[in-house]
Every structure is written in C-alpha cells, then in structure tokens.
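These notes concern the structure reproduced below.
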Amino acid sequence: MDTKAFKRSLNKSEQYYRNQGFGQKDEIAGQMKTEYESSLIQQLRDQQYKLVQGDVTIYLAEAFGFCWGVERAVAMAYEARQHFPEQRIWITNEIIHNPEVNRQLRQMAVQFIELVDGQKDFSGVQSGDVVILPAFGASVQEMQLLNDRGCTIVDTTCPWVSKVWNTVEKHKKHEFTSIIHGKYQHEETVATSSFADKYLVVLNLEEAEYVADYILNGGDRADFLSRFKDAHSAGFDPDIDLDQVGIANQTTMLKGETEQIGKLFERTMLKKYGPQNLSQHFQSFNTICDATQERQDAMFNLVDIDVDLIVVIGGFNSSNTTHLQEIAIERGIPSYHIDSAARIGPGNQIEHKPLHQSLTSSADWLPSGPIAIGITSGASTPDRSVAEVIEKIFELKAGASVGTLVG
Ligand code: SF4
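Quick note: the sequence shown uses numbering that gives the first Met the number 0, first residue 0, plus one each step.
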C-alpha cells in the first residue's frame with residue numbers, strides 16, 4: 000500500500016479533520032478546566048513545587064501530567080462532540096491512557112471500539128459516523144477502513160507521533176529497515192509499524208544488543224525469528240533485512256535508552272561497513288518527544304531529593320508513566336504506581352501496580368511521623384487526579400496524628 004499517497008488524499012478530504020479544530024476552543028475551555036484542573040496544583044506550582052502540611056512534605060516533579068499533545072487531543076474530542084451534536088461518535092481506542100478522561104468521554108456518549116478475540120470490532124461503525132483517532136494514532140489500515148466506510152475522521156494524533164511516521168516513510172523510501180524502539184503491541188508502535196515496509200521492534204537495549212551482534216557475527220536465524228515473533232514485518236529475514244537500518248521510536252520510551260540504541264546501531268554499522276559507507280547503512284533522526292523528555296528529566300531531579308517514597312500516577316497501560324516509575328526503582332526509592340486516588344485506603348492501605356506485576360495491595364504504606372513524598376504523573380494524567388492523591392495523603396496523615404495510622 001502506498002501509505003504516503005493515501006495520507007495525501009486523506010488530507011484533502013472534507014471528511015477528515017486534523018489540525019484545524021472546530022473553532023469551539025473557548026466553549027470547551029471552561030468544561031475542561033472544571034473537569035481536569037486543580038487549584039491545589041496551581042498552589043504547588045506557585046510555591047516551587049513544594050507543599051508542607053502537618054507531618055507531610057510534598058515534592059511535585061517540575062514537569063508532570065498532561066502534555067500538550069494530550070491536552071490537544073482531549074480538547075479536539077470535546078470540540079468534536081460540540082460540533083457534531085447529533086452524530087454517533089466513536090473512538091478507535093482510549094484517547095489517552097487515563098481512566099478518568101475516558102470515563103468523561105463515555106459520559107458524553109462517545110463510544111469506544113471494542114476488542115473481540117483480540118481484534119478491533121468496527122462492525123457497528125456506519126457511514127456518516129464520526130470517528131476520533133487517539134493521540135497515539137491509528138494504523139494506516141484502520142484509517143483506510145474508516146475512510147472507505149464514509150466516516151468523518153477526527154484525527155488527534157500528536158504531531159510528535161506523526162514525526163516518527165515521517166521518519167519511517169523516509170526509511171521506506173531508501174529501502175531501509177526501521178528498527179523501532181518500543182513495545183510491539185502498544186497502539187502507537189502498531190500505528191508506526193503500519194507505515195513501514197520492513198521493520199523490527201526492539202523493546203530494550205538487551206534486545207538491541209542481540210540484533211547488533213547478529214549483524215556483526217551472524218547467528219541462529221530460527222532463534223532470531225522466534226525471539227522477535229510478532230515484532231517484525233511479514234517475511235522479515237534477518238540475514239537480508241539488517242543490511243540498512245534506520246532508527247525510530249515509540250515516543251514515550253526512556254529517552255536515554257532510545258539514544259543508546261541509536262548509538263549502538265551506528266557503531267555496529269560503522270564497524271561493519273566503515274565510516275565512508277555509514278550513511279548507506281544507517282539513518283537516525285531525533286524523534287524523542289520533548290514532553291516525555293521533560294517528565295523524565297524532572298523525575299531524575301525528584302529522585303535526587305531526599306524523599307521517603309514516590310507516588311507515580313497514571314494509567315496502568317501508560318508507557319510513559321511506567322518509565323517514570325523505573326527511574327524511582329533504579330534509585331532504590333520505594334514507589335507506588337496508582338491510576339487514581341481511589342486506590343488509596345481504606346485506612347493505611349494502597350492498591351498499586353509494581354513494575355511488570357499485577358495489582359497488589361500493601362498495608363501500612365505511609366510511615367508514621369514526618370514524611371517527604373515525591374509525586375509525579377504520566378503525560379495522560381490530569382492535574383485533578385494528582386490533587387486528589389495529595390489530598391488523600393494529607394487526610395490519612397491527619398488521621399494518623401489522632402492515632403488511626405500505624406507504621
Ligand atoms: S507524550 Fe509526547 S508524543 Fe505523546 S502525546 Fe504527549 S507530546 Fe505527543
């Protein structure tokens with residue numbers, strides 16, 4: 000499929016809305032403010048991200064929560080509801096990985112395309128329906144299906160994600176294989192790989208090192224293919240398709256790791272083909288999103304403060320939130336990943352998701368006495384959710400001072 004030609008024709012279609020919005024920004028601004036913003040968080044911002052109440056000192060990361068790409072996507076979805084009051088509106092996936100935002104959209108009668116046997120079920124979508132594509136994009140095949148069905152498409156794909164797609168298009172044009180640093184089953188990576196011709200998804204540096212070693216020294220082809228099962232393009236052959244490689248990434252991966260992977264393949268190709276031939280075998284463009292980078296940098300600053308524990312707030316399937324927690328874990332700081340304040344309590348308990356594990360409940364998570372807590376949140380978490388967590392902690396510790404909290 001000529002993905003570039005298809006996108007060009009889609010851009011010209013009157014049924015396709017991308018950057019222009021609907022001119023109802025002011026009307027929805029008030030609604031978004033009420034639903035997602037918080038005066039407590041504003042207070043924290045005004046006080047250099049530190050707040051002391053009773054025994055508790057809260058340190059808030061200096062970059063956290065909603066990124067502009069997410070804010071833009073949510074605003075576009077709200078505007079679409081206003082602009083098409085009568086039409087049925089669908090969204091191909093969670094608009095962002097945040098349960099509260101998705102609940103609000105459901106309340107506005109936005110329907111979600113459900114998964115049936117692991118596949119998205121578009122059978123209910125009819126001509127004339129409006130379909131919103133989420134911030135992390137949709138595969139080109141999905142866009143084509145919706146376009147062919149005569150739907151109005153409201154595309155909220157973040158421009159940073161589109162930038163990665165353009166990079167993959169460049170790889171394709173020069174017959175390079177795209178090595179995508181990401182999770183092969185993540186919606187953004189599924190969308191990105193749909194624009195590629197040949198691709199291989201590597202999850203981390205360890206997988207990248209395996210591939211680099213294969214490039215330099217060869218190896219067991221069957222083992223390679225089984226190791227990257229589901230993470231490569233159809234018909235991918237490691238003995239042929241790793242001759243020319245370009246780097247792309249899921250925008251929410253750890254920035255430092257993406258850079259290390261890029262450098263690893265650059266070194267590998269340099270070693271194999273020599274400096275004079277490098278550009279014929281390796282391509283790399285900077286596609287790391289600013290917002291992801293800022294949140295990770297702020298987290299590195301937060302772990303340098305002497306905090307007793309860190310609470311990371313964000314959807315459990317949110318990749319950028321998980322990466323923030325990884326930073327706390329690397330520093331050996333106790334950390335709790337929760338998706339909302341409702342996970343705290345009853346009493347001094349917390350239901351949270353340890354990295355790569357299922358939900359678990361921990362008792363006595365807040366120690367008695369003075370405590371310093373670091374707080375951060377992923378790019379899809381509204382300020383309001385963060386404020387609710389802080390308020391709950393204050394409440395719990397205030398209860399402790401009258402003897403209800405142990406630890
Ligand atoms: S994290 Fe970055 S790529 Fe993702 S929506 Fe936000 S700004 Fe866009």
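Glycine included, each C-beta is placed from N, C-alpha and C at the ideal position.
In the DSSP output, which residue or residues are listed as bridge partners for residue i?
| i | result |
| --- | --- |
| Gly-373 | Tyr-58, Ile-309 |
| Gln-282 | Gly-245 |
| Glu-350 | Ser-360 |
| Gln-52 | Val-55 |
| Leu-199 | Ile-178, His-231 |
| Val-100 | Beta-bridge pairing links Val-100 to no other residue. |
| Ile-328 | The partner list for Ile-328 (beta bridge, DSSP) is empty, contrary to what the question assumes. |
Note down, in chain order, each residue of its chain lying with its Cβ closer than 6 Å to the Cβ of residue i, except the 5 sequence neighbours on either side.
| i | result |
| --- | --- |
| Ile-389 | Ile-57 |
| Ala-134 | Gly-68, Val-69, Ala-72, Ile-95, Thr-155, Cys-157 |
| His-170 | Ser-177, Gly-245 |
| Gln-46 | none |
Just the C-alpha distance for residue i and residue j, rounded to the nearest angstrom, thanks.
| i | j | result |
| --- | --- | --- |
| Ile-239 | Asp-147 | 35 Å |
| Ala-371 | Cys-66 | 26 Å |
| Phe-281 | Ser-122 | 42 Å |
| Asp-116 | Lys-270 | 45 Å |
| Phe-264 | Asp-1 | 28 Å |
| Glu-61 | Met-142 | 37 Å |
| Phe-393 | Asp-363 | 15 Å |
| Ser-283 | His-185 | 22 Å |
| Phe-227 | Gln-42 | 48 Å |
| Gly-218 | Ile-343 | 50 Å |
| Arg-102 | Asn-203 | 33 Å |
| Ser-384 | Met-75 | 21 Å |
| His-336 | Lys-6 | 38 Å |
| Lys-172 | Lys-197 | 11 Å |
| Asn-97 | Gly-314 | 5 Å |
| Gln-243 | Leu-215 | 13 Å |
| Pro-369 | Glu-350 | 22 Å |
| Ile-131 | Gly-273 | 47 Å |
| Ser-232 | Gln-30 | 43 Å |
| His-322 | Thr-267 | 27 Å |
| Asp-303 | Leu-277 | 39 Å |
| Asp-229 | Gln-356 | 22 Å |
| Gly-234 | Gly-136 | 25 Å |
| Asp-236 | Arg-220 | 8 Å |
| His-100 | Gln-279 | Inspection of the sequence shows that residue 100 is occupied by Val rather than by His. Whole-angstrom Cα-Cα distance: 45 Å. |
| Thr-33 | Leu-114 | 32 Å |
Suppose contacts are defined by Cβ-Cβ distances below 7 Å. Is residue i in contact with residue j by that definition?
| i | j | result |
| --- | --- | --- |
| Ile-260 | Ala-207 | yes |
| Ser-376 | Ile-287 | no |
| Glu-36 | Asp-305 | no |
| Gln-348 | Ser-360 | yes |
| Val-129 | Thr-151 | yes |
| Ile-309 | Leu-59 | no |
| Ser-177 | Gly-149 | no |
| Ala-327 | Lys-391 | no |
| Gln-324 | Leu-358 | no |
| Thr-320 | Gly-64 | no |
| Val-200 | Tyr-183 | yes |
| Glu-78 | Gly-20 | yes |
| Ala-195 | Val-167 | yes |
| Thr-251 | Ser-334 | no |
| Val-55 | Ile-88 | no |
For ligand 2, is there a heavy atom less than 6 Å away from the beta-carbon of residue i?
| i | result |
| --- | --- |
| Thr-166 | Of the ligands one can find in the structure shown, namely ligand 1, none is ligand 2. |
Closer than 7 Å by C-beta to residue i: which residues in its own chain qualify, once you throw out the five before and the five after it? Chain order, please.
| i | result |
| --- | --- |
| Thr-257 | His-180, Asn-248, Ile-287 |
| Gln-292 | Lys-254 |
| Lys-162 | Thr-286 |
| Ser-138 | Val-189, Ala-190, Ser-193 |
| Ala-386 | Ser-37, Leu-39, Ile-40 |
Let me know the secondary structure DSSP gives residue i once reduced to three states.
| i | result |
| --- | --- |
| Tyr-209 | helix |
| Thr-176 | strand |
| Ser-126 | coil |
| Ile-94 | coil |
| Thr-155 | coil |
| Glu-390 | helix |
| Gln-110 | strand |
| Leu-132 | strand |
| Ile-27 | helix |
| Tyr-16 | strand |
| Tyr-77 | helix |
| Gln-385 | Sequence check: residue 385 is Val here, not Gln. DSSP places Val-385 in helix when its eight states are reduced to three. |
| Ile-287 | coil |
| Val-302 | coil |
| His-336 | strand |
| Gln-184 | coil |
| Gln-118 | strand |
| Ile-239 | coil |
If you drop the 5 nearest sequence neighbours on each side, which residues of the same chain put their C-beta closer than 8 Å to that of residue i?
| i | result |
| --- | --- |
| Leu-9 | Tyr-15, Met-142, Asn-146, Ile-152 |
| Phe-299 | Ile-326 |
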